[in-house]
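Notes follow once the structure below has been shown.
In the working numbering, the protein residues as written are 395 to 542.
Structure representation (structure tokens):
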């Protein structure tokens, strides 16, 4: 059996410690999720509350929501953003296609909602990069929401 010389052993131990620290930093970065960047549970709740107020005040889309159960709407939107952001949530709502079927929404409706959401994100001081990460996750849903 061959043993390492003391200088080689010290180098190997140092390298091992460096690799372990690097792996720990990578794991910590993985835990630094979009959900955290949105402010966690309270941050997402505030964003959803402000966004919903914006939706209901926006003459372009407020009528679309007039018949909605707003408590359920906010709860499902909170779940959805939390889950999309890799938070500790599971989205339990209907698919976007099922939810929006029959509403005959246009691209302009989708865009108005996104603008109102961005205003809520700005109000909560969510960094621009985090806003873009969230919007990139929401963008593919446009094909399920817009039906005309």
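Note that CB positions come from ideal geometry on N, CA and C, so glycine has one too.
In this structure, DSSP gives residue 432 a state outside helix and strand, which the three-state scheme calls coil.
By the Cβ neighbour-count rule, residue 494 is buried, with 16 or more other Cβ atoms within 10 Å of its own.
Burial of residue 449 is indicated by the presence of at least 16 other C-beta atoms within 10 angstroms of its C-beta.
Beyond the five residues adjoining it in sequence on each side, residue 485 comes within less than 7 Å, by CB distance, of 473, 474 and 477 in the same chain, given in chain order. For residue 455, the closest of 525, 467 and 507 by C-alpha to C-alpha distance is 507. The three-state secondary structure of residue 520, taken from DSSP, is coil.
The beta carbon of residue 510 sits closer than 8 Å to the beta carbons of 445, 448, 449, 452 and 455 from its chain, once the five residues preceding and following it are set aside; these are given in chain order. Assigned with DSSP and collapsed to three states, residue 499 falls in strand. The beta carbon of residue 470 sits closer than 8 Å to those of 485, 486 and 487, all from its chain and outside the five residues before and after it, given in chain order. As DSSP reads the structure, residue 540 sits in a beta bridge with 499. Relative to residue 499, the option among 436, 542, 432 and 443 whose CA is nearest is 542. Closest in C-alpha terms to residue 428, from the list 463, 459 and 524, comes 524. A distance below 8 Å between beta-carbons, with the five flanking residues on each side excluded, links residue 502 to the following residues of its chain, in chain order: 454. The C-alpha of residue 527 is placed about 19 Å away from the C-alpha of residue 538.
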